[in-house]
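> All residue numbers for the first sequence refer to the working numbering, where the first residue is 290 and numbers rise by one. Submitted below is the structure of interest, expressed as structure tokens.
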Amino acid sequence: MPELPEVETIVGYLNDVLPGKRIKDIRIFREKNILSGAPSFQKELIGESFLNVTRRAKFLIFHLTDDKVVIAHLRMEGKYYFEEKDSSQKKHDILIYDFMDGSCLHYNDVRTFGTLELSNEKDYLKTPSLSSLGKEPFLISPEEFFSLLQKKGKHPIKQALLDQSLIVGIGNIYASEILFASQVNPRTPCKDIPFEKSDLILKETKRILFEAISQGGSTIRSYHPKEGISGKMQNELQVYGQANKPCPRCKTPIRRIFMNGRSTFYCPLCQKQPGHGIIIGVTGPIASGKSTVTSYLSEKGFVDLDSDRYAHESYEDKDVKKELKAHFPGAFSRGHLDRKKLLSIISKDEKKTLILNSIIHPYVYKRTEEEIKKHPEKNFVIDMPLLLASPFLDRCDFIIGVNAPLEVRKERLKERGVDIEKALKLNSSFPIKELKKAATIYLETTGSKEESRKILDSYAFLAGNKIL
DNA sequence: ACTTGAACCTGGCGGC
DNA sequence: TGCCGCCAGGTTCAAG
């Protein structure tokens, strides 16, 4: 749940209620969360009093009498709440400190990821939890921040902001917010960030974290420890959680991608990708109207990255050929690849299809990247039937999902003169639900090409002069 | 050595 | 209404 501002808010709350409270008993309901062991935690702390609470990174540091220290991390859902009287165990309580005066402090953690650890004033900064932490954002100099980023090399900036050994306290919400405010694309390699930009990122980090602290943090799914009180920063968030909503600066739909398994939000126009223009992905089942969309964008100057073409091309690549020979010797006659044979080999066998894809796809991806590198000033359209399952989904700034009713698609296939049933069968597993969900624009091409183009024109961020 | 993914957990929410 | 799959503010550790 918490990033630096939320932890700071909780520190403030605990310092209102905790100092001077003497521990009469500690009831532990889930021993696993106490890294230093439950028995000593109870034995050493009973009889001591809380002095105050400080913060280091996202850790809470409880200072007690006799130089005792408790290092605590809330992870995703941990909450502390103080009760004047009611000391009954609540659902998901990990432990309760009972005080001499009848009040108590609950540590409650729905997902049970949070931790507690007993230490002392002399050693606590040297414990493994705290020893490898980077600098506090309010204490790091612009020069130092820049040099740390340089050392991160080609790692994306978003990842660096989350790296607690580089700079502490930033989590997944504020990382997206900071990069939006700085107008830096989250994919940008750290080494490509000039000093002025890293300086700006640090300034925005401080501004946003400071503002969040003054708003009492963000309360999104959870609540602040103090009953009924929540932070207000969630109302100020510009991009986090705003997928497909208009950018507050330019109205372009906010894009959500996954980076290192975490949701990442950015504006494709305010935070242009480093090294090239906009990338629009077009996908949908066979005969859904993808090529209408692709040619529309080509005419507007987009470079067409045609994955089918690259796939065909791959069969001529000597490394690909070598791999194919190793896995599908039956598809070769007199040293030459027979693609019809290859298709018949894989068509009945899902496992073999996967193997073929694992050989072809990397080539297609490599070729696509090469093509993007060739035209640093251009915008791109990626036309890829399997885009949703490919790593290129998250290289795209927009996704145009195309679909059409079955009858319309059949009609189109008929016009193309292909085996309708066979073509549809090959495409039967296309995940339409997923397509709708992933698409920035979901286009049902029921009518003519002209109609589809008119619809595309109506999307201001496509047809306006912002991209095109 | 490096990077990605699973694991640790429960609950809320949107979609069928 | 209920059931299912997906997702969640963090961090670590095990595979590839």
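All C-beta atoms in this analysis are idealised placements derived from N, C-alpha and C, irrespective of residue type, glycine included.
Assuming contact is defined by CB atoms lying nearer than 9 Å, are residue 692 and residue 731 in contact in what I supplied?
yes
> Flag this pair as yes or no: are the beta carbons of residue 727 and residue 675 separated by less than 9 Å?
Judged by beta-carbon spacing, residue 675 lies beyond the 9 Å limit of residue 727, meaning their Cβ atoms are not closer than that value.
> Nearest-angstrom Cα distance between residue 619 and residue 745?
46 Å
> Considering only residues of the same chain and omitting the five flanking positions on each side of residue 388, which have a CB-CB separation below 8 Å?
310, 311, 312, 313 and 394
> By the three-class DSSP mapping on this structure, what secondary structure does residue 675 have?
coil
> When we look at the beta-carbon of residue 474 and count the other beta-carbons within 10 Å, is it buried (16 or more) or exposed?
Burial of residue 474 is indicated by the presence of at least 16 other C-beta atoms within 10 angstroms of its C-beta.
> Give me the Cβ distance between residue 729 and residue 533, rounded to the nearest whole Å; I'm assuming they're in contact under 8 Å.
6 Å
> Return the CA-CA distance between residue 488 and residue 507, expressed in angstroms with no decimal places.
25 Å
> Opposite residue 533 in the DSSP bridges: which residues?
Under DSSP, residue 533 takes part in no beta bridge, so it has no partner.
> If contacts are defined as beta-carbon pairs under 8 Å, then residue 405 and residue 359 qualify, I think. What distance do you get, rounded to the angstrom?
Confirmed, Cβ separation roughly 6 Å.
> I need the boundaries of the beta strand (DSSP E) containing residue 554, first residue and last residue.
551-555
> Taking a contact to mean a Cβ-Cβ separation below 9 Å, would you say residue 762 touches residue 396 in this structure?
Past the boundaries of the shown model lies residue 762; the chain is included only from 290 to 757, so the question cannot be answered.
> Go ahead and pull the three-state DSSP assignment for residue 435.
Residue 435: helix per DSSP, three-state reduction.
> Work out the CA separation of residue 522 and residue 593 for me, nearest whole Å.
42 Å
> Does DSSP put residue 387 in a helix, a strand or coil?
The DSSP-derived three-state label of residue 387 is strand.
> Do the region 338-353 and the region 452-472 meet, that is, are 3 or more Cβ pairs less than 8 Å apart?
yes
> Exposed or buried, which one is residue 753 when buried takes at least 16 other CB atoms within 10 Å?
Because residue 753 sits at a pLDDT of 49, beneath the cut-off of 50, its placement in the model cannot be relied upon, and the point is left open.
> Checking 9 Å against the spacing of the C-beta atoms, do residue 476 and residue 563 come in under that value?
yes
> Please return the same chain residues whose Cβ sits closer than 6 Å to the Cβ of residue 243, not counting the five positions on each side in sequence.
Because the chain spans 290 through 757 in this model, residue 243 falls outside it and cannot be assessed.
> DSSP three-state label for residue 619, please.
Residue state, collapsed to three classes: helix.
> Give the secondary structure of residue 413 by DSSP, where H, G and I count as helix, E and B as strand, and everything else as coil.
Here residue 413 carries a helix assignment [DSSP, helix/strand/coil].
> Do you know how far the Cα of residue 361 is from the Cα of residue 502?
Going by the C-alpha atoms only, they are around 19 Å apart.
> Which residue wins for smallest C-alpha separation from residue 645, given the options 632, 422, 664 and 335?
632
> How would you label residue 293, buried or exposed, when you count the other beta carbons within 10 angstroms and need 16 or more for buried?
buried
> Go through the region 348-386 residue by residue and report every complete run of the beta strand (DSSP E) that reaches 3 residues or more, in order.
348-353, 357-362 and 367-372
> Three or more beta-carbon pairs under 8 Å between the region 526-544 and the region 552-562, yes or no?
yes
> Hey, how far is the Cα of residue 520 from the Cα of residue 305?
C-alpha separation (whole angstroms): 17 Å.
> Which runs of the beta strand (DSSP E), 3 residues or longer, sit entirely within the region 435-480?
none
> Around the C-beta of residue 418, are 16 or more other C-beta atoms found within 10 angstroms, so that it is buried, or is it exposed?
If you draw a 10 Å sphere on the C-beta of residue 418, you find 16 or more other C-beta atoms in it, and that means buried.
> Taking DSSP's pairing of strands, which residues face residue 318 in a bridge?
Looking at the DSSP assignment, residue 318 forms no beta bridge with any residue, so it has no partner.
> Can you give me the Cβ contacts of residue 635 inside the same chain, cut-off strictly under 7 Å, excluding the 5 residues immediately before and after it?
For residue 635, where only same-chain residues beyond five positions count, the Cβ hits under 7 Å are 641, 642 and 645.
> Taking C-alpha atoms, which residue in 647, 426 and 438 lies nearest to residue 603?
647
> Report all residues from its chain with a CB closer than 7 Å to the CB of residue 764; omit the five preceding and five following residues, and keep chain order.
The structure shown has nothing for residue 764, since the chain only spans 290 to 757.
> Quick one: what's got a C-beta closer than 6 Å to residue 232's C-beta in the same chain, skipping five residues either side?
No statement about residue 232 is possible, as the shown extent of the chain runs from 290 to 757 and does not include it.
> Would you decide whether residue 650 is buried or exposed? Buried here means 16 or more other CB atoms lie within 10 Å of its CB.
buried
> Going by DSSP, what residue range makes up the beta strand (DSSP E) through residue 565?
Unbroken run through residue 565: none, as it is neither H nor E.
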